[in-house]
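*Asks:* Below you'll find the structure I mean.
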Amino acid sequence: MDIEPFEWSVVIIGFWNPAILTPAGISQRLFQLDKNTPVHVEVPLDGVGPYRVKHDGLIVISQPNNLQIIAESAEYESLSKATSLAKRALEQLPETPVMAGGINIRYRISNPPDALIEIISCEIDNFVSDEGFKIKNRSLMRSLEWNEGTLNIEISYEEDGISTVLFNFDRKSNIISDLINWMNIPVESMKKDVDKIINDVLKITISSENNDE
């Protein structure tokens, strides 16, 4: 079994103004860089997708209905930087209509143990198989109360033998200050509960290489 973190991110759902959050706007308002400071901008080849602005280990993607900040290194130190940047976006653009904020921690597991597969298997799988259908994907989701929001846990298993585990720390609110407070929660408290679920519930051991302090 191999486990690796991937695609850790922060997402703010809201109506972001594309005229403000241009690459230059992201550079100056979010990263707080001088206008002459260069940043790396990835432009979609098809001209349809959003810009990706990269700086200091973070990738910012602004779309009309959400602002996404991806940690290039899936580790807690980088995730903390991403939450700080999301908080700054909320503070810099307080007039933005918002609906929710989420912090996402993902793990990919190759050759997952049988115990994990059993967790997401259920009786209906046998009925489906008995009728001649092939199951391509299995998934299980649980939503837990967490602080003033929700911790959504989703576990999936693909036919290629890869399992993914998503921890989504979600806070729904149309009040900017609520989402700012959500981004102020130390990532250490998220790490504590993620580790507890992975180690004690899913019975998976994460090495120190994949779980930075």
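Read left to right, the sequence shown gives residues 115 to 327 (our numbering).
Positions of the beta carbon are idealized from the N, C-alpha and C atoms, including for glycine.
1) May I ask you to list the residues that DSSP assigns as paired with residue 221?
2) Please name the residue in 184, 178 and 289 whose C-alpha comes closest to that of residue 168.
3) Over the uninterrupted beta strand (DSSP E) stretch that includes residue 181, give me the two end residues.
4) Residue range of the beta strand (DSSP E) that residue 143 falls in?
5) Whose CA, out of 198, 149 and 177, lies closest to the CA of residue 130?
6) Hey, residue 304 and residue 200: beta-carbon distance below 7 Å or not?
7) Which of the three DSSP states is assigned to residue 266 in this structure?
8) Could you check which residue in 116, 312, 309 and 294 has the C-alpha nearest to that of residue 207?
9) Provide the residue(s) that pair with residue 256 in DSSP beta bridges, ordered along the chain.
10) Using a Cβ-Cβ cut-off of 6 Å (strictly less than) and excluding sequence neighbours within five positions of residue 318, which residues of its own chain qualify?
11) Does residue 160 come out as helix, strand or coil in the three-state DSSP assignment?
12) Just to confirm the assignment, what range does the alpha helix (DSSP H) spanning residue 231 have?
13) Going straight from the alpha carbon of residue 276 to that of residue 249, what length do you get?
14) May I have a chain-ordered list of the alpha helix (DSSP H) segments no shorter than 4 residues that lie completely inside the stretch 283-317?
15) Pull up the CB-CB distance for residue 172 and residue 195, whole angstroms please, since I reckon it's below 8 Å.
16) Any idea if residue 197 is buried or exposed, counting beta-carbon neighbours within 10 angstroms, 16 or more meaning buried?
*Replies:* By the coordinates alone:
1) Paired residues: 119 and 279.
2) Closest in C-alpha terms to residue 168, from the list 184, 178 and 289, comes 184.
3) Run containing residue 181: 180-185, per the beta strand (DSSP E) assignment.
4) Unbroken run through residue 143: none, as it is neither H nor E.
5) Per the Cα distances, 177.
6) The answer is no: Cβ separation not under 7 Å.
7) Here residue 266 sits in strand by DSSP.
8) Among 116, 312, 309 and 294, the Cα nearest to that of residue 207 is on 294.
9) Paired residue(s): 267.
10) The beta carbon of residue 318 is closer than 6 Å to those of 312 in its chain, skipping five residues each way along the sequence.
11) Coil at residue 160, not helix or strand.
12) Bounds of the alpha helix (DSSP H) holding residue 231 are 228-234.
13) Between residue 276 and residue 249, the C-alpha separation is close to 14 Å.
14) Fully enclosed alpha helix (DSSP H) runs of 4 or longer: 290-297 and 301-310.
15) So it is a contact: roughly 6 Å between Cβ atoms.
16) With 16 or more Cβ atoms within 10 Å of its Cβ, residue 197 is classed as buried.
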